[in-house]
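J.: First to last, the protein sequences are chains A and B.
For the first sequence, the residue numbers in the working numbering are 1370 to 1673.
For the second sequence, the residue numbers in the working numbering are 1370 to 1673.
Every residue, glycine too, gets a C-beta built ideally from N, C-alpha and C.
Protein chains: 2
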Amino acid sequence: MIHVFGHKVPDTDAVCSAIGYAHLLRELGKDAKAFRLGELNAETKLVLERFGVETPELLENAAGKDVWLMDHNEFGQSADGIEDANIIGVIDHHKIKFSYDKPITYIALPWGSSSTIVAKLYEIYGVEIPKHIAGCLLSAILSDTVIFKSPTTTETDREIAAKLAAIAGVDDMTAWGIEMFKAKSKIGEKSARDIVLNDYKVYEFGGRKILINQVEVIDDSEVLARKDEIIAEMQKIKEEQGLFAVLTMVTDIMKEGTTLLVVADDVAPIEKAFGKEIKDNAVWLPGVMSRKKQIVPPLEQVMA
Amino acid sequence: MIHVFGHKVPDTDAVCSAIGYAHLLRELGKDAKAFRLGELNAETKLVLERFGVETPELLENAAGKDVWLMDHNEFGQSADGIEDANIIGVIDHHKIKFSYDKPITYIALPWGSSSTIVAKLYEIYGVEIPKHIAGCLLSAILSDTVIFKSPTTTETDREIAAKLAAIAGVDDMTAWGIEMFKAKSKIGEKSARDIVLNDYKVYEFGGRKILINQVEVIDDSEVLARKDEIIAEMQKIKEEQGLFAVLTMVTDIMKEGTTLLVVADDVAPIEKAFGKEIKDNAVWLPGVMSRKKQIVPPLEQVMA
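(1) By the criterion of Cβ-Cβ separation under 9 Å, what are the contact partners of Pro1666 of chain B in chain A?
(2) Pick out the complete beta strand (DSSP E) segments inside the region 1403 to 1461 of chain A, 3 residues or longer, and give them in chain order.
(3) Can you tell me where the beta strand (DSSP E) holding Leu1397 of chain A begins and where it ends?
(4) Quick one: what does DSSP say Glu1627 of chain B is sitting in, helix, strand or coil?
(5) Thinking Thr1381 of chain A and Glu1408 of chain A are a contact (beta carbons under 8 Å), I'd like their distance in whole angstroms, please.
(6) Would you kindly report the start and end of the unbroken alpha helix (DSSP H) that includes Leu1533 of chain B?
(7) How about Ile1371 of chain A and Asp1435 of chain A: are their beta carbons less than 8 Å apart?
(8) Mapping DSSP to helix, strand and coil, what is Lys1377 of chain A?
(9) Using a cut-off of 7 Å between C-beta atoms, extract the partners of Phe1467 of chain A located in chain B.
(10) For Thr1474 of chain A, decide whether its Cβ has a neighbour in chain E, counting only Cβ atoms nearer than 8 Å.
(11) Applying the criterion that 16 or more other CB atoms from any shown protein chain within 10 Å of the CB defines a buried residue, is Gly1445 of chain B buried or exposed?
(12) Would you report the Cα separation of Ile1622 of chain A and Glu1418 of chain B, rounded to the nearest angstrom?
(13) For Arg1577 of chain B, which beta-bridge partners are listed by DSSP?
(14) Going along chain A, which residues have a C-beta under 7 Å from His1462 of chain B?
(15) Here's the rule I'm using: 16 or more other beta-carbon atoms within 10 Å means buried, otherwise exposed. How should Lys1570 of chain B be labelled?
(16) For the ligand NAD, any of its heavy atoms closer than 7 Å to the Cβ of Trp1653 of chain A?
(17) Could you run through the region 1504 to 1519 of chain A and flag, in chain order, every residue whose CB is less than 8 Å away from some CB of chain B?
(18) In this structure, how does DSSP classify Ala1633 of chain A when only helix, strand and coil are distinguished?
(19) Which first and last residues belong to the beta strand (DSSP E) in which Thr1620 of chain A is found?
(20) Are Pro1638 of chain B and Met1603 of chain B touching if we call contact CB-CB under 8 Å?
(21) Looking only at DSSP bridge pairs, what is Glu1585 of chain B linked to?
(22) Let's test the definition: count the other Cβ atoms within 10 Å of the Cβ of Ala1614 of chain A and tell me whether it reaches 16, buried, or not, exposed.
(23) If you follow the beta strand (DSSP E) that Leu1654 of chain A is in, where does it begin and where does it stop?
(24) Can you give me the start and stop residues for the alpha helix (DSSP H) that Ala1673 of chain A sits inside?
(25) Could you tell me which residues DSSP pairs with Phe1467 of chain A in its beta bridges?
(26) Look at Ala1561 of chain B and Ile1587 of chain B and say whether their C-beta atoms are less than 8 Å apart.
(27) In whole angstroms, what is the alpha-carbon distance linking Ala1431 of chain B and Lys1471 of chain B?
(28) Could you pull out every residue in the same chain whose Cβ sits closer than 7 Å to the Cβ of Ser1554 of chain A, ignoring the five residues on either side in sequence?
(29) For the structure I just gave you, are there three or more beta carbon pairs, one from the region 1524 to 1534 of chain A and one from the region 1500 to 1514 of chain A, closer than 8 Å?
(30) Would you report the Cα separation of Val1657 of chain B and Gly1626 of chain B, rounded to the nearest angstrom?
(31) At a Cβ cut of 8 Å, what residues of the region 1434 to 1457 of chain B count as close to chain A, listed as they run along the chain?
(32) Less than 8 Å between C-beta atoms, sequence neighbours within five positions excluded: which residues of the same chain meet that for Glu1423 of chain A?
(33) Quick one: which residues of the region 1388 to 1402 of chain B get their C-beta closer than 7 Å to a C-beta of chain A? List them in chain order.
(34) With a threshold of 8 Å on Cβ separation, who are the neighbours of Phe1467 of chain B within its own chain once the five nearest residues in sequence on each side are excluded?
(35) Run through chain A and tell me which residues come within less than 7 Å of Pro1479 of chain B, C-beta to C-beta.
(36) What is the DSSP secondary structure of Lys1477 of chain B, counted as helix, strand or coil?
Laid out in structure tokens, this is it:
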């Protein structure tokens, strides 16, 4: 059986692109099933509930299995045992750091979500998208493009989302997007540690490790009111993991910008990367919505 | 302008996939042009002549240019200055060893040729393939799949080749394929050095460098009659480049097998990889047609 899964610390795109692509593979006559590599966040749970889709099974280890990697390609973000899996293919929209010793299928497009690519593949194969799958894929597009506000959004994402919304019976994409983000950003109920590790990745730039976390909210005041508590937790995680820096992006999708919270051995490279002074562990970056496109590249350039 | 090019030491697939894809990009409204990274072989020259296509311009350096990599992805096989180019995308059917610091388009499929993928993209975009482009793409498929005899051949290659043959007015694909291979294997006119460096790649397995060359012929007797001269040249190249081994695959496409000529510091791992004894620097490998699929993987497995 073919195991289809997105990255660890799964978000809606990782989960829904896997559900959507596993269904397509089955329609094409393959024995395929979607899996997840961790706990679902509140947003993804809401999406699966609304469209009546079962939570994918947890995959503990990929060794010896036939697998498709969705929404990621770096082994560090993939399943345990991925080094010993038989990779059939990759579908992704992130930067590429991939090596494999035989020819496989690799489909990457610089679009707003991996679910956009999956929807396009249904079109190419001429397979009809059922209502529940359309709902999942649409929700993943809305999530990854921050309701089309992220600079990663392309014309293709908009076109495909409109088609999916029609199939899924979502009349108001923005209203549904805001409902999703509200579910994700129920900050009041979260511990400071859960906020700092909400949606994080660890990068290494020039030998220095940086954890970059993102919290997307409809109104940033609730999180920023807890700033001292969050900074203390970031400091703790930085020491625990021996990191150069811990960053938390508090992205306000209504204001269309990010408050970057910073704890670092040296803030100079971070200030240089964004051309702004960091005051009291924080800096406001207007227009910044995307970790991948607006935070990682300038940091990498300065620190590599 | 977008520069579209295949790998160094270009073969028909490298050149024709670039010609075909640059044309598609232009049809899609982009300013794109095909380039080559070296001298064309006699087979490719014949193909371009038959279908009335101009020889692409030589690209000396890719630094600072917008580029598409065709039929390769490893920087070592790519243009000089590739590290400083702006890569827009990759279309390929080889194993992957690729890293790039921003999201791009990467389309790889485990099909018999990159030109098959290019023809498929015309279909997906709904762009008509003109006669001369169809002829080039068809010829590249025939070349890379050894007229559908290589184990790398897929059903998709056969289907697409049939459609291209109809557009290009090629009534007998096999006859045209043999004519192409005859042009490529005019061994009588070649020096021993040109034979040994006919179509080669240098690999590194567990720190040991191996040059693997391939000569595809309709009748292997002409090359094998010059074996001593060729072995002496292989020995010379091995010393010049400080290699662990130099291999020459003399692939007879009619007999459907390869005589592997071997010069090595130690033949044991090579014998182990193929489960056969090497006598007088040579071993017959029935059914072996593909360096990528049948020579590289077993060597890598034994030596890594």
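T.: To lay it out plainly:
(1) Within the second sequence, residue 1666 of chain B is the residue found at index 297, counting from 1. Within chain A, the residues near Pro1666 of chain B are Asp1470, Lys1471.
(2) Correct list: 1435 to 1439, 1455 to 1461.
(3) As a position in the first sequence, residue 1397 of chain A is number 28, starting the count at 1. Run containing Leu1397 of chain A: none; DSSP gives neither H nor E here.
(4) Translated into the one-based positions of the second sequence, residue 1627 of chain B becomes position 258. Checking the displayed sequence, the identity of residue 1627 of chain B turns out to be Thr instead of Glu. Strand at Thr1627 of chain B.
(5) If you number the first sequence from 1, residue 1381 of chain A lands on position 12. If you number the first sequence from 1, residue 1408 of chain A lands on position 39. At roughly 13 Å, the Cβ-Cβ gap does not stay under 8 Å, so Thr1381 of chain A and Glu1408 of chain A are not in contact.
(6) Within the second sequence, numbered from 1, the residue matching residue 1533 of chain B stands at position 164. 1524 to 1537 is the span of the alpha helix (DSSP H), which, as asked, contains Leu1533 of chain B.
(7) Residue numbering aside, residue 1371 of chain A sits at position 2 when the first sequence is read from its first letter. Residue numbering aside, residue 1435 of chain A sits at position 66 when the first sequence is read from its first letter. Yes, the pair counts as a contact, with Cβ atoms nearer than the cut-off.
(8) As a working note, residue 1377 of chain A is residue 8 in the first sequence. In the three-state scheme derived from DSSP, where H, G and I count as helix and E and B as strand, Lys1377 of chain A is classed as coil.
(9) Translated into positions along the first sequence, residue 1467 of chain A becomes position 98. Chain-ordered, the chain B residues with CB closer than 7 Å to the CB of Phe1467 of chain A read Ile1465, Phe1467.
(10) Among the chains of the structure shown, chain E does not appear; the protein chains present are A and B.
(11) Counted from its first residue, the second sequence places residue 1445 of chain B at position 76. Under a 10 Å Cβ-count criterion, Gly1445 of chain B is classified as exposed, with fewer than 16 other Cβ atoms of the shown protein chains found around its own Cβ.
(12) Numbered from its first residue, the first sequence carries residue 1622 of chain A at position 253. Numbered from its first residue, the second sequence carries residue 1418 of chain B at position 49. Straight-line spacing of the CA atoms in Ile1622 of chain A and Glu1418 of chain B works out to 58 Å.
(13) By 1-based counting over the second sequence, the position of residue 1577 of chain B is 208. As computed with DSSP, Arg1577 of chain B is found in a beta bridge with B:Phe1574.
(14) Numbered from 1 along the second sequence, position 93 holds the residue referred to as residue 1462 of chain B. Chain order gives the chain A residues near His1462 of chain B as Pro1472, where near means a beta carbon separation below 7 Å.
(15) Taking the first residue of the second sequence as 1, we reach residue 1570 of chain B at position 201. With 16 or more other Cβ atoms inside 10 Å of its own Cβ, Lys1570 of chain B counts as buried.
(16) Of the ligands one can find in the structure shown there are none, so the ligand NAD has no counterpart to examine.
(17) Correct list: empty, as no residue qualifies.
(18) Translated into positions along the first sequence, residue 1633 of chain A becomes position 264. It is a strand residue.
(19) In the first sequence, the residue the question calls residue 1620 of chain A occupies position 251. That run of the beta strand (DSSP E) goes 1614 to 1621.
(20) Locating residue 1638 of chain B in the second sequence gives position 269, where the first residue counts as 1. Locating residue 1603 of chain B in the second sequence gives position 234, where the first residue counts as 1. 8 Å or more divides the Cβ of Pro1638 of chain B from the Cβ of Met1603 of chain B.
(21) Residue 1585 of chain B sits at position 216 when you count from the first residue of the second sequence. In DSSP, Glu1585 of chain B forms a bridge with B:Thr1620.
(22) Working through the first sequence from its first residue, we reach residue 1614 of chain A at position 245. Ala1614 of chain A comes out buried.
(23) Position 285 of the first sequence, counted from the first residue, corresponds to residue 1654 of chain A. Run containing Leu1654 of chain A: 1651 to 1655, per the beta strand (DSSP E) assignment.
(24) Counted from its first residue, the first sequence places residue 1673 of chain A at position 304. Per DSSP, Ala1673 of chain A lies in no alpha helix (DSSP H) and is assigned neither H nor E.
(25) Indexing the first sequence from 1 puts residue 1467 of chain A at position 98. For Phe1467 of chain A, which the question treats as bridged, DSSP gives the partners B:Phe1467.
(26) Here the question's residue 1561 of chain B lines up with position 192 in the second sequence. Here the question's residue 1587 of chain B lines up with position 218 in the second sequence. The criterion of a C-beta distance shorter than 8 Å is not satisfied by Ala1561 of chain B and Ile1587 of chain B.
(27) For this step, residue 1431 of chain B is matched to residue 62 along the second sequence. For this step, residue 1471 of chain B is matched to residue 102 along the second sequence. Answer to the nearest angstrom: the Cα atoms are 18 Å apart.
(28) For the purposes of this step, residue 1554 of chain A is taken as the residue at position 185 of the first sequence. For Ser1554 of chain A, the CB contacts under 7 Å within the same chain, skipping 5 residues up- and downstream, are Val1584, Glu1585, Val1586, Ile1587 in chain order.
(29) Cβ pair count under 8 Å is three or more, so yes.
(30) Walking along the second sequence from the start, residue 1657 of chain B turns up at place 288. Walking along the second sequence from the start, residue 1626 of chain B turns up at place 257. If I take the Cα positions, the gap works out to 5 Å.
(31) Listed by position, the residues of the region 1434 to 1457 of chain B near chain A (Cβ gap below 8 Å) amount to none.
(32) Your numbering for residue 1423 of chain A matches position 54 in the first sequence. So the qualifying residues of the chain are Leu1417.
(33) Result list empty, no residue passes.
(34) Here residue 1467 of chain B is taken as the residue at index 98 of the second sequence, counted from 1. Only Asn1442, Glu1443, Val1459, Tyr1475 meet the Cβ criterion.
(35) Position 110 of the second sequence, counting from 1, holds the residue named residue 1479 of chain B. Near Pro1479 of chain B (Cβ distances below 7 Å), the residues of chain A are Pro1472, Ile1473, Thr1474.
(36) Indexing the second sequence from 1 puts residue 1477 of chain B at position 108. It is worth fixing the name first, because residue 1477 of chain B is Ala in this sequence and not Lys. The answer is strand: DSSP assigns Ala1477 of chain B an E or B state.
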